[in-house]
Amino acid sequence: MASDLLHAGLGLALLLLAGDSLVKGAVNLSLRLGVPALIVSLTIVAFGTSAPELLISIKAVLDDSPGIAMGNVVGSNIANVLMVLGIPALMTGIRTDECDTRRTYALMIGATLIFLFVCLIGPITWIHGIALMLVLGFVLVDAFLSARRHRRDAAEAARCAAPDAAEDEVEGADPSLGWFKICMFLVLGLLGLPLGADLLVDASISIAREIGVSETVIGLTLVAVGTSLPELATTVMAALRRQADVAMGNVIGSNMFNLLAIIGMASFFGDIAVPPEMLRFDLWVMLGAALLLIPFVVWRVALGRAWGAVFFLLYAAYAGVLLL
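Residue numbers (this note's numbering): 7 to 330.
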């Protein structure tokens, strides 16, 4: 037990350092490329922080543990909204009133509804996996086109306004940061996040099994929280740097990647049965958590400390229901 606790602590420390590195690299890359931080966080940051979920889900399918594979994704998406946004908001607040994530949020809701439908007609086979991957392809193409439109608009604005006007949108970035350092921050973040999560999750599973917890509950709680810690580390650092677009884009992008890519890819390694208890309860909690973001995305209500406390308490209540 002492060894597992040590590994968990090392994993957590690595996650925090890697999350900080990834945010630094992502926001400066967006500045250099003339791409909004939101678009970068929806791709590089979101995919990097979702790497632990992908590795664990594939391993769970190969080990014939569908409870961990499904619980990992569903639990992570619940934790991403209620815990990953709740804790940073409770600490410093997230200025969701200063960023526009309506389009990407609509795509996330669409991905959530498609995933729910696939689960209801389950088990999830490779055919469903291909369908989910095609939807992901549409999301990526949409992000690419949005980035290209933004670069064209920024270039046009630069010809009609002050040359440095476009730099204001990536607050706190360092325009003088060289390409080598940007790439170093990104690589260290993308390598450190899955390694830290692997240490933490392995230790958490070992501890949980010692006290006799079911596979599905392990997937929905300890594994889900463990694999959501990269998102939490990244979002905390983004909130501290007042990068609301990175914080929201990271969560929205990670949730879409979890639903579409992780389960889509994992289904190629074997059919994934959906546990009955998940169909009755957890999938609907995931949908409810996603819909809870409507005021903060559509009406741009600031996600302040009070709302952060509400989000965190809702997650604590959900975890309590599972564990009791």
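Quick reminder that beta carbons are idealized off the backbone N, C-alpha and C, glycines included. No experiment lies behind these values; they were computed from the predicted model shown.
Between residue 91 and residue 302, what straight-line distance do the alpha-carbon atoms span, to the nearest angstrom? By one-based count along the sequence shown, residue 91 stands at place 85. By one-based count along the sequence shown, residue 302 stands at place 296. So the two alpha carbons sit approximately 11 angstroms from each other.
What residues in its chain sit with their C-beta under 6 angstroms from that of residue 83, if we drop five residues either side in the sequence? As a position in the sequence shown, residue 83 is number 77, starting the count at 1. Correct list, in chain order: 261, 264, 292.
Tell me whether residue 145 is buried or exposed, calling it buried when 16 or more other Cβ atoms sit within 10 Å of its Cβ. Walking along the sequence shown from the start, residue 145 turns up at place 139. Flag for residue 145 reads buried.
Taking all protein chains shown into account, decide if residue 327 is buried (16 or more other Cβ within 10 angstroms of its Cβ) or exposed. For this step, residue 327 is matched to residue 321 along the sequence shown. Label assigned to residue 327: exposed.
So if DSSP puts residue 278 in a beta bridge, which residue, or which two residues, is it bridged to? For the purposes of this step, residue 278 is taken as residue 272 along the sequence shown, with counting starting at 1. Residue 278 pairs with 130.
I'd like to check one pair, residue 315 with residue 105: are the Cβ atoms closer than 9 angstroms? Start at 1 with the first residue of the sequence shown, and residue 105 comes out as number 99. Start at 1 with the first residue of the sequence shown, and residue 315 comes out as number 309. Their beta carbons are not under 9 angstroms apart, which means residue 105 does not touch residue 315 by this criterion.
Please list, in chain order, all residues of the same chain as residue 176 whose beta carbon is under 7 angstroms from its beta carbon, the five residues on each side excluded. Position 170 of the sequence shown holds residue 176. Low per-residue confidence applies at residue 176: pLDDT is 40, beneath 50, and the placement is therefore not dependable enough to give any value.
Between residue 89 and residue 244, what straight-line distance do the alpha-carbon atoms span, to the nearest angstrom? On the sequence shown, position 83 is the one that residue 89 refers to. On the sequence shown, position 238 is the one that residue 244 refers to. Take the alpha-carbon of residue 89 and the one of residue 244: they are about 15 angstroms apart.
Identity of the residue in 63, 74, 23, 93 nearest residue 312 by Cα: Indexing the sequence shown from 1 puts residue 312 at position 306. Among 63, 74, 23, 93, the Cα nearest to that of residue 312 belongs to 93.
Are at least three pairs of beta-carbons, each pair with one atom in the region 106-120 and one in the region 318-325, less than 8 angstroms apart? Counting Cβ pairs under 8 angstroms, fewer than three are found: no touch.
According to DSSP, residues forming a beta bridge with residue 331: Nothing about residue 331 can be reported from this structure: the residues present for the chain run from 7 to 330 only.
When you compare only the Cα positions, how much space is there between residue 203 and residue 305? Against the sequence shown, residue 203 aligns to sequence position 197. Against the sequence shown, residue 305 aligns to sequence position 299. Each residue's Cα considered, the two are about 34 angstroms apart.
Span of the alpha helix (DSSP H) around residue 294: On the sequence shown, residue 294 is found 288 positions in, with the first residue counted as 1. 289-297 is the extent of the alpha helix (DSSP H) around residue 294.
Close Cβ partners of residue 143 (< 7 angstroms) along its chain, the five nearest in sequence each way excluded: On the sequence shown, position 137 is the one that residue 143 refers to. Exclusion of the five residues before and after residue 143 leaves no residue of its chain whose Cβ lies closer than 7 angstroms to its Cβ.
With 16 other Cβ atoms within 10 Å as the buried cut-off, status of residue 58: Residue numbering aside, residue 58 sits at position 52 when the sequence shown is read from its first letter. The residue in question, residue 58, is buried, as its Cβ has 16 or more Cβ neighbours within 10 Å.
Meets three-Cβ-pair contact criterion under 8 angstroms: the region 96-112 and the region 122-140: By the Cβ test, the region 96-112 is not in contact with the region 122-140, since fewer than three Cβ pairs between them sit closer than 8 angstroms.
Look at the Cβ atom of residue 60, then the Cβ atom of residue 198, and state whether they are nearer than 9 angstroms. Taking the sequence shown and counting its residues from 1, the one referred to as residue 60 is at position 54. Taking the sequence shown and counting its residues from 1, the one referred to as residue 198 is at position 192. Cβ distance not < 9 angstroms, so residue 60 and residue 198 don't count as in contact.
Work out the CA separation of residue 71 and residue 271 for me, nearest whole Å. Residue numbering aside, residue 271 sits at position 265 when the sequence shown is read from its first letter. Residue numbering aside, residue 71 sits at position 65 when the sequence shown is read from its first letter. For residue 271 and residue 71, the gap between their C-alpha atoms comes out near 16 angstroms.
If I measure Cβ to Cβ from residue 76 and keep anything under 7 angstroms in the same chain, skipping five residues before and after, which residues do I get? The count along the sequence shown starts at 1 and reaches residue 76 at position 70. Cβ within range, chain order: 225, 278, 280, 281, 284.
Mind checking residue 237: buried by the 16 CB within 10 Å criterion, or exposed? Numbered from its first residue, the sequence shown carries residue 237 at position 231. Counting the other CB atoms within 10 Å of its CB gives residue 237 a total of 16 or more, which places it among the buried residues.
I want to see whether chain C comes within less than 9 angstroms of residue 321, judged by CB atoms only; does it? This model lacks chain C altogether; it includes just one protein chain.
Taking the straight line between their C-alpha atoms, what separation do you get for residue 215 and residue 183? By one-based count along the sequence shown, residue 215 stands at place 209. By one-based count along the sequence shown, residue 183 stands at place 177. Each residue's alpha carbon lies about 46 angstroms from the other.
Can you give the Cα-Cα distance for residue 10 and residue 29, rounded to whole angstroms? Taking the sequence shown and counting its residues from 1, one reaches residue 10 at position 4. Taking the sequence shown and counting its residues from 1, one reaches residue 29 at position 23. The alpha-carbon atoms of residue 10 and residue 29 are separated by roughly 29 angstroms.
Which residues in the same chain have their Cβ closer than 6 angstroms to the Cβ of residue 26, if we skip the five residues on either side of it in sequence? The residue given as residue 26 occupies position 20 in the sequence shown. So the qualifying residues of the chain are 243.
Please state whether the Cβ-Cβ distance between residue 255 and residue 68 is less than 9 angstroms. Sequence index remark: in the sequence shown, residue 255 carries index 249 (1-based). Sequence index remark: in the sequence shown, residue 68 carries index 62 (1-based). Contact: no.
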